[in-house]
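Top to bottom, those sequences are chains A and B.
With this note's numbering as the guide, the letters of the first sequence map in order to residues 192 to 522.
With this note's numbering as the guide, the letters of the second sequence map in order to residues 192 to 522.
2 protein chains.
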Amino acid sequence: MATIYDVAALAGVSPATVSRVFNGRTVSDDRAQRVRDAAASLSFTPNRTARTLRRQSSEVIALIIPDIQNPFFTALARGVEDRAQSSGYSVVLCNTDDDPVKEARYLQIAISENMAGVVLVPASDSSDLSIMVGQGRPVVTVDRTTAFDVDHVMIDNRPAGASVTGSLFDAGYTRIACIAGPESVVTAIERAGGWRETVESRGAYDADPYLKIANHRVDGGRAAMAELLDLPDAPDAVVATNNLMGVGALQVLNERGLTPPAFGVGVIGGLPFTTLSPGLITLVHLPTHDLGTTAVSMLVSRIDGATEPARTVVLPGVLTAATTAATRDAD
Amino acid sequence: MATIYDVAALAGVSPATVSRVFNGRTVSDDRAQRVRDAAASLSFTPNRTARTLRRQSSEVIALIIPDIQNPFFTALARGVEDRAQSSGYSVVLCNTDDDPVKEARYLQIAISENMAGVVLVPASDSSDLSIMVGQGRPVVTVDRTTAFDVDHVMIDNRPAGASVTGSLFDAGYTRIACIAGPESVVTAIERAGGWRETVESRGAYDADPYLKIANHRVDGGRAAMAELLDLPDAPDAVVATNNLMGVGALQVLNERGLTPPAFGVGVIGGLPFTTLSPGLITLVHLPTHDLGTTAVSMLVSRIDGATEPARTVVLPGVLTAATTAATRDAD
DNA sequence: CTTGCGCATGAAATCGATTTCTGAGACTCT
DNA sequence: AGAGTCTCAGAAATCGATTTCATGCGCAAG
């Protein structure tokens, strides 16, 4: 691989001049041209490792997410990548499996690789960002909060839970259950809170028995749905607080012959790769791509030196009511 | 951030000794202990950028894939990550959107970041690996081949296409179509080849009109399925050569009231997050995770200096015939 | 005509680790 | 006892870029 010294020798200038040509400093036209020609003929590209060592900051940002197989996070990753790309950054994707130990390790690596910054979906509300904050490395958290005072981008969770529940009541369902994520994840608590307040104001039943806590994956949704259907007073509709649990719930309902609209289903998040007819499910579409682009925009402004106090940006979900649910009234 | 010099000063030794302690060279017990204590009290972690610059190789491998939102590739990524992790490597995930320009850029970055190696799912059969090969940087291609003589891990594609087609014939379908990926992707050609040879040996019709070429995404599957259903002699079954096109085909079938087993569906690849009853679809499960772990194993052995000629590892898919298809005979 | 400023440029320091080189001391073997 | 061999540890070179410092030149102002 050609180095800056090779280019300098071929162009008959000093390495400093070569560096200046590529970093927009003042160099006379003829020399600049000689350098560019030499660089081209050697197909020179600067060694990023050396640059990073000297500059103390690379052009890489880390995106740390809990589950690379969850389409919500891959869509987020797309947003992050698109925006990062356009600002000249590469993205390193790290998967924590919701494990705080793995998360801590990746944060450590981000530091020791001199990465420019981190976009983090925290594994839990007790994630430790002190390493980053102590180093003054920019961090933006996404979707879930931590105890640290850093920039944050989130969904308007409580209204999302409330609106999907309200929509199911509107469609005529009377006993609406909820499958929520683990209590260590704020997002899940808030969405379930939206469900609860709607049930308490519009439902004629006690909400408590109809709230099931599950992990955020398909199997969690399956288990919770099965439990709900086995209740003495089984619900006639369910709200899942994330996409994969929604899939799990639908699988169990399908196995028991209870497909929508016979049984109402609301999901917060998109249903990835569904083969169901559109309009059977009430959905709150989440602005995953925007979540990613917004996070990177905030991160880049910090990298560029912004010093204002930590900001929180809240993005709304968009409700799509099931169109076929109304036919239920005809039953 | 504490450096090796800080640790050396605190422990009263030279930086070289500190380095030796962390790299398993011979250091006397008392000094080693002093260094370890000093490192712990300063919470020292070696700067990976400096290490990479000196060693000319980082502990990072790049995984370059065409579509981060396709579950096939995220499952592959899991395999890659798991195996890399256990060998002490981090994984950088790069998304090409099947764009050779983006791919070339990422390969360039891999070089200039001194990455240890690359696991690549080529965007097309004309991907240019000369930069990597010229530098002597290890590359393993996965799933799709290139013109370069490098290690390769692939699926046994032709038998996959043949077995799923055969299974649909066995179930009683008589006119089986195929939705295949673009011709620039060898995988798609081979799988479609398996379908064709089976049709030619067992079917009583001309295969040509029943082969549709689509992109590898859901919308491609939808368009192709719609075209197939509009044929004068419409098929009664279809084989999709990848997962997402299978989803698209199922969506269209569902919209037209043609759900399996009324219409036979075979898919090469898993159906991610499906809410369909299991056993309705004939599937060839692909060993995605193994694909990833195998690729990294091969890559790591190259990084460690293996010099034997390029190897190709072929992993088989596993057929799961639709269990309910047989009931069709009773119609 | 001289002082001074600015600009282009090269020499050299720097980032933080690893690794080679070198020397000091301990030990073995004859 | 002297030569040869090992082991351990520090000094210094090294990786390849960026950036500070120093210098020489040209041009303008006094």
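The C-beta atom is built at its ideal place from N, Cα and C for all residues, glycine as well.
The structure displayed is predicted, hence computed values, not measured ones.
Close-in-space but distant-in-sequence residues of the same chain around residue i (CB under 6 Å, 5 per side omitted)
i, result
"Asp-340 (chain B)", "Ala-501"
"Val-443 (chain B)", "Arg-413, Met-416 and Ala-417"
"Thr-485 (chain A)", "Val-344 and Val-504"
"Val-151 (chain A)", "Because chain A spans 192 through 522 in this model, residue 151 (chain A) falls outside it and cannot be assessed."
"Ala-516 (chain B)", "The predicted position of Ala-516 (chain B) is uncertain, since its pLDDT is 49 and thus under 50; no value can be drawn from it."
"Thr-514 (chain B)", "Gly-470"
"Arg-211 (chain B)", "Val-218"
"Ala-202 (chain B)", "Arg-225, Val-226 and Ala-229"
"Asn-286 (chain A)", "Ile-259"
"Ala-223 (chain A)", "Val-212"
Limits of the alpha helix (DSSP H) - the one that residue i falls within
i, result
"Ile-300 (chain A)", "291 to 303"
"Ala-229 (chain B)", "220 to 232"
"Ala-202 (chain A)", "195 to 202"
"Ala-405 (chain A)", "It is not in any alpha helix (DSSP H) - Ala-405 (chain A) carries neither H nor E in the DSSP assignment."
"Thr-332 (chain A)", "Where Thr-332 (chain A) is concerned, there is no enclosing alpha helix (DSSP H), although the beta strand (DSSP E) it sits in stretches over 330 to 333."
"Asp-149 (chain B)", "Past the edges of chain B, shown from 192 to 522, lies residue 149 (chain B), and the structure says nothing about it."
"Val-487 (chain A)", "479 to 494"
"Ala-268 (chain B)", "262 to 277"
"Arg-208 (chain A)", "Note that residue 208 (chain A) is Thr in the sequence shown here, rather than Arg. Per DSSP, Thr-208 (chain A) belongs to the alpha helix (DSSP H) from 206 to 213."
"Leu-462 (chain A)", "Note, Leu-462 (chain A): premise wrong, no alpha helix (DSSP H); not H, not E."
"Ile-380 (chain A)", "377 to 393"
"Ala-241 (chain B)", "239 to 246"
Of the residues the options, the one placed nearest residue i, counting alpha carbons only
i, options, result
"Thr-511 (chain A)", "A:Thr-485, A:Leu-474, A:Val-487 and A:Glu-499", "A:Leu-474"
"Pro-507 (chain A)", "A:Phe-263, A:Leu-422 and A:Leu-477", "A:Leu-477"
"Asn-214 (chain A)", "A:Thr-236, A:Pro-329, A:Val-458 and A:Leu-482", "A:Thr-236"
"Ile-472 (chain B)", "B:Asp-273, B:Gln-260 and B:Leu-462", "B:Leu-462"
"Ser-278 (chain A)", "A:Thr-265, A:Ser-492 and A:Glu-499", "A:Ser-492"
"Val-377 (chain A)", "A:Ser-488, A:Thr-450 and A:Val-312", "A:Val-312"
"Thr-432 (chain A)", "A:Ala-268, A:Ala-275, A:Val-324 and A:Ala-371", "A:Ala-371"
"Ala-441 (chain B)", "B:Thr-466, B:Asp-424 and B:Pro-423", "Sequence inspection shows Leu at residue 441 (chain B); the Ala mentioned does not correspond to that position. Ranking the options by Cα distance to Leu-441 (chain B), first place goes to B:Thr-466."
"Gly-483 (chain A)", "A:Phe-360, A:Ala-202 and A:Phe-263", "A:Phe-263"
"Ala-428 (chain A)", "A:Asn-406, A:Asp-421, A:Gly-448 and A:Val-456", "A:Val-456"
"Val-509 (chain A)", "A:Pro-469, A:Glu-304 and A:Ala-351", "A:Ala-351"
"Gly-496 (chain B)", "B:Thr-365, B:Phe-464, B:Arg-328 and B:Gln-224", "B:Arg-328"
"Asp-481 (chain B)", "B:His-407, B:Ile-346, B:Ala-398 and B:Val-309", "B:Ile-346"
"Leu-233 (chain A)", "A:Tyr-196, A:Thr-208, A:Pro-257 and A:Ala-268", "A:Tyr-196"
"Thr-356 (chain A)", "A:Ser-321, A:Gly-394, A:Asn-406 and A:Gly-325", "A:Gly-394"
"Gly-460 (chain B)", "B:Thr-479, B:Lys-293 and B:Ile-300", "B:Thr-479"
"Thr-406 (chain A)", "A:Ser-392, A:Pro-206 and A:Pro-257", "With the sequence shown as reference, residue 406 (chain A) is identified as Asn, and Thr is not the correct amino acid for it. Ranking A:Ser-392, A:Pro-206 and A:Pro-257 by Cα distance to Asn-406 (chain A) puts A:Pro-257 first."
"Gln-326 (chain B)", "B:Arg-349, B:Ile-300, B:Leu-420 and B:Ser-392", "B:Ile-300"
"Asn-348 (chain B)", "B:Asp-334, B:Val-324 and B:Met-323", "B:Asp-334"
"Ile-494 (chain A)", "A:Leu-284, A:Met-323, A:Gly-411 and A:Ser-468", "A:Met-323"
"Ser-315 (chain A)", "A:Lys-293, A:Ala-307, A:Pro-206 and A:Asp-421", "A:Lys-293"
Residue i CB to nearest heavy atom of the ligand SAM below 7 Å
i, result
"Ile-404 (chain B)", "No copy of the ligand SAM appears in this structure; indeed no ligand is present at all."
Residues of its chain near residue i, where Cβ-Cβ distance is below 8 Å and the 5 sequence neighbours each way are ignored
i, result
"Ala-353 (chain B)", "Gly-385, Trp-386, Glu-388 and Thr-389"
"Ser-317 (chain B)", "Pro-291, Thr-337, Ala-338 and Ser-375"
"Met-489 (chain A)", "Val-331, Asp-342, Val-344, Arg-502 and Val-504"
"Arg-239 (chain A)", "Ser-249 and Glu-250"
Anticipated Cβ contact below 8 Å, residue i with residue j, distance rounded
i, j, result
"Ile-527 (chain A)", "Tyr-297 (chain A)", "What the structure shows of chain A is the stretch from 192 to 522, and residue 527 (chain A) is not part of that stretch, so it cannot be assessed."
"Ala-266 (chain A)", "Gln-260 (chain B)", "7 Å"
"Ala-275 (chain A)", "Val-487 (chain A)", "5 Å"
"Glu-391 (chain B)", "Ala-383 (chain B)", "Not confirmed; about 12 Å, so no contact."
7 Å Cβ shell around residue i - same chain, five flanking residues per side excluded
i, result
"Asp-319 (chain B)", "Ala-295"
"Ile-380 (chain B)", "Glu-374"
"Thr-450 (chain B)", "Leu-444"
"Glu-272 (chain A)", "Val-282"
"Val-458 (chain B)", "Ala-431, Asn-434, Gly-437, Ile-472 and Leu-474"
"Gly-270 (chain B)", "Thr-479, His-480, Asp-481, Leu-482, Gly-483 and Thr-484"
"Asn-305 (chain A)", "Thr-243, Gln-247, Ser-248 and Ser-249"
"Pro-426 (chain A)", "Arg-366, Ile-367, Ala-368, Tyr-401 and Leu-419"
"Gly-411 (chain A)", "Ala-405, Met-436 and Gly-439"
Span of the beta strand (DSSP E), counted from its first residue to its last, around residue i
i, result
"Leu-523 (chain B)", "In the structure displayed, chain B extends from 192 to 522; residue 523 (chain B) sits before or after that span and is not available."
"Asn-524 (chain A)", "Since the first and last residues shown for chain A are 192 and 522, residue 524 (chain A) lies out of range."
"Leu-320 (chain B)", "Element bounds for Leu-320 (chain B): n/a, residue is neither H nor E."
Check whether the stretch 226 to 242 of chain B touches the stretch 395 to 404 of chain B, counting contact only when three or more Cβ pairs, one atom from each stretch, lie closer than 8 Å. no
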